[in-house]
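Sequential numbering from -15 applies to the sequence shown in our numbering.
Heads up, the beta-carbon is just placed ideally off N, CA and C, and yes, glycines get one too.
What you are looking at is a predicted structure, and each value in this text was computed from that prediction instead of being measured.
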Amino acid sequence: MPEPTEQDVRDRAHRLWEQAGKPEGREDEFWHAAEQELRNEDKSNTMRTPDTL
């Protein structure tokens, strides 16, 4: 999987924000957490081949 798209990150960040009770003023925190989660999912993908490393 290539780098997560902005929409992928936006959707994940929104879900994390909702799960945390929708706190105000922490947008950057949720954005970065979403990016990290999506990147970690890619690294744990068992279908990785030399082409996708």
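CA-to-CA, the gap between LEU22 and GLU8 works out to about 23 Å. As the crow flies, the alpha-carbon of LEU0 is around 10 Å from that of GLU13. For the pair GLU(-13) and VAL(-7), the Cα-to-Cα distance works out to about 10 Å. When rounded, the separation of the alpha-carbon atoms in ARG10 and GLU19 is 15 Å. Inter-residue distance for LYS6 and ALA(-3) is about 11 Å (C-alpha atoms, whole angstroms).
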